[in-house]
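Protein chains in written order, with this note's numbering: chain V, 11 to 582; chain G, 81 to 313. Notes for the one structure printed next.
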């Protein structure tokens, strides 16, 4: 089978970096499996309960970088109880015991304790990068341990985590000898920061390219920090509030002019609109702009800013920009690839916000657009059909109409046709989120056309089991399906049980599936964990099988029921 | 006639199904969208339209559907007025229409990360609507009776000297700093002399303790209610 020595094949494999491709390569033959597993350095585990840490170490002893994801996606929206699971510690413990030379750890929706951070920091001499996204369970004490012990730390990236702030001087725990930082993201921290320690840290980090500050860093401190790091490529400001007539503000304006390398800008966790003009001079270089954390900036100020940003590829913004503002984006940002429009007043009643008009304008003006997250007041089929025609490149299309079952306000029809047009036109679509009034028909379209679809999010949609069946039968590449408040029941759930072993996970909450249906599904399926989240003791052992299940989460696994499930989670 | 169309479009009552022909639905961009430059006519939707011709409503949708699923929420006003223009409905906050004073809200909707909500919450310094989401509104699925609890954590807050107690959602906070900031803006009186008040809480055992004496995590697990006490000289 092999015409080349193993070393040559291994060398060739070195060029294959995507984990999907490495997975494919490892299936070719035993020899390739062995070579691949001994040379894989970056391991991606999409569900931390699909395999044990020991299993990962056994297969990939040379791994250096680990990515782990824990809780289901809907945990982001409060649908999963806090103690559900996704605990990091056992992984660190197992890795520490082994001889794995861990250098990078990327986590999403996991529970990370201070103890695990401490153990991590002491166990891996060459540890370089820690990226935590939407995690919780740790405090600044854990960060202090990482700062103090990871001598070669390059990356500390904290994105949208719940961090308990002990207001200690954890930044001061970075030793004077630590000069290796390349990326430091503190934006999600809420407590005070020792500003002079931070400034000194930046001053001794000549390789620092990305720095995102927290709200506790005021504008004058930002100026001092920028003076030390004019080489920054990615900047996240903290609090951007000052009297525009002051010295500090003028100093900042001058300093910003020196930062010619900044391509990515975010932060503005607190902002006075009058101060925004300070960043106008660097706007023409920006490829990425995130103003979505900055409420209170009116559409006009946003527009003034964006008019300078001709090179923008990624824009995250609040809906106060309005349809008119999106029109300006469409005519200015011809390189735009990713757009996210967040609601500034999610429970508000029909305030400004954006509608289908803004989206249509963007689709007409931005030919490279392929990734969208759009919260809006309303959407029409006509608009979606136009968007589909203008932009057939979408790989990610997430539309959230704030009223979850709102029909097309012009025709009063469901939005089936609009979404149908999207899936038919966008042949490379991998991720889709639906909203608005939707019948089974939209799922018929999805099953028919969305051949590359990997992740689908459904809420308040469909009429019957047929809807879910269209999707399960049609979308061959489906990996993650999450459904809430939709009338899909046991018939759909049980039609093709083998399908779930080809997927990572299925979430169904407030649907029509029953306890009996879930039990049937779980029977004789050692490769699936079917978990019922049983809040308020709705279900107990004496429950009738016909009772509806509030929340069900099932996922494929190699290691059977998890041992850390809390008492309100039942694995059937 | 307009009223009839409205009813068919929204509620899909089974009796009206036979009269509804999807062939009548034809996309006409210009008519709908007026002079918007980005709308063009195109042959593209012919695919979709021709699909329509292949099946009518009866085939596409279950005939024997007995539960008009969308009905309860979409009666904007309880008695649809004959003079109602469909376009008027845009102005109604559709989701709010059936709300009582209690303002029931659906858990986890809109799908925004909790972390993001907290940022707005802090910035505005006011208690986020909704005011009471212990019960989740059952929006229209008549057959389902289960209601799931939200993850919010409302506790009563009383301030010494003020007759009316307030409620605060502790799940939106993760430190005493943000909590006291919010309490300050709730009880405007306190702002002036916030140093003269101390925050106390009642724990699960019924004891009253000083909040800042314990770590946040301990506090949040056991707090039942809050009280702001004036520090006597």
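Each residue gets a CB set at the ideal place from its N, CA and C atoms; glycine is no exception.
For residue 352 (chain V), write down the residues that DSSP places opposite it in a beta bridge. V:328
If the cut-off is 8 Å on Cβ atoms, which residues from the stretch 323-340 of chain V count as contacting chain G, listed in chain order? none
For residue 99 (chain V), the three-state DSSP class (helix, strand or coil): helix
Consider the Cβ of residue 258 (chain G): report whether some Cβ of chain V lies at a distance smaller than 9 Å. yes
For residue 150 (chain V) and residue 223 (chain V), I'd like the C-alpha separation in whole angstroms. 15 Å
Segments assigned alpha helix (DSSP H), at least 4 residues, entirely inside the stretch 32-107 of chain V: 40-49, 63-69, 99-107
Chain G residues whose Cβ lies nearer than 8 Å to that of residue 201 (chain V): 255, 257
Are the CB atoms of residue 566 (chain V) and residue 515 (chain V) nearer to each other than 9 Å? yes
Is residue 158 (chain V) helix, strand or coil when you go by DSSP? helix
For residue 327 (chain V), which option in V:386, V:212, V:435 has the closest C-alpha, if you only look at C-alpha atoms? V:386
Cβ separation of residue 472 (chain V) and residue 520 (chain V), assumed to be a contact under 8 Å, to the nearest whole Å: Rounded, the Cβ-Cβ distance is 13 Å, inconsistent with contact.
For the beta strand (DSSP E) containing residue 248 (chain G), name the first residue and the last one. 246-249
Just to confirm, does residue 102 (chain V) get its C-beta within under 8 Å of one of the non-hydrogen atoms of the ligand ZN? The ligand ZN is not among the ligands present in this structure, which contains no ligands whatsoever.
Determine the chain G residues that contact residue 144 (chain V) at a beta-carbon separation under 8 Å, and present them in chain order. 193, 195
Backbone CA spacing between residue 212 (chain V) and residue 439 (chain V) [nearest angstrom]: 41 Å
Taking 6 Å as the limit between beta carbons, can you name the residues of its chain near residue 337 (chain V), skipping five residues before and five after? 371
In the structure shown, what three-state DSSP assignment does residue 299 (chain V) receive? strand
Hey, is the stretch 94-109 of chain V in contact with the stretch 58-72 of chain V, meaning 3+ C-beta pairs nearer than 8 Å? yes
Who are residue 411 (chain V)'s beta bridge partners in DSSP? V:386
Indicate the three-state DSSP secondary structure (helix, strand or coil) for residue 282 (chain G) in the structure shown. strand
Can you round the beta-carbon distance between residue 376 (chain V) and residue 404 (chain V) to whole angstroms, since I take them to be within the 8 Å contact cut? Actually they are not in contact, since the Cβ atoms of residue 376 (chain V) and residue 404 (chain V) sit about 12 Å apart, beyond 8 Å.
Return yes when the Cβ of residue 380 (chain V) is within less than 9 Å of the Cβ of residue 348 (chain V), no when it is not. yes
From the DSSP output, which residues share a beta bridge with residue 120 (chain V)? According to DSSP, residue 120 (chain V) bridges with nothing at all.
Beta-bridge partners of residue 244 (chain V), as assigned by DSSP: V:220, V:274
Closest to residue 441 (chain V) by CA distance: which of V:453, V:340, V:463 is it? V:463
Would you kindly report the start and end of the unbroken alpha helix (DSSP H) that includes residue 233 (chain V)? 229-238
Quick check: the Cα distance between residue 308 (chain G) and residue 505 (chain V), rounded to an integer number of angstroms? 58 Å
Within 9 Å of any Cβ in chain G, is that where the Cβ of residue 506 (chain V) sits? no
Of all the CB atoms in chain G, is at least one closer than 9 Å to the CB of residue 348 (chain V)? no
Roughly how many whole angstroms lie between the Cα atoms of residue 173 (chain V) and residue 196 (chain G)? 14 Å
Distance check for residue 308 (chain V) and residue 244 (chain V), CA to CA, integer angstroms please. 24 Å
How far does the alpha helix (DSSP H) with residue 478 (chain V) in it reach, from first residue to last? 475-484
Residues in the stretch 89-106 of chain V with C-beta within 8 Å of chain G's C-beta atoms, listed in sequence order? 89, 91, 92
Please confirm if residue 199 (chain G) has its CB atom under 9 Å from at least one CB of chain V. yes
Tell me where the alpha helix (DSSP H) around residue 148 (chain V) begins and ends. Here residue 148 (chain V) belongs to no alpha helix (DSSP H); instead the beta strand (DSSP E) covers 146-149.
Boundaries of the beta strand (DSSP E) in which residue 458 (chain V) is found, first to last residue: Looking at the DSSP string, residue 458 (chain V) is not in any beta strand (DSSP E); the run it does join, the alpha helix (DSSP H), is 450-459.
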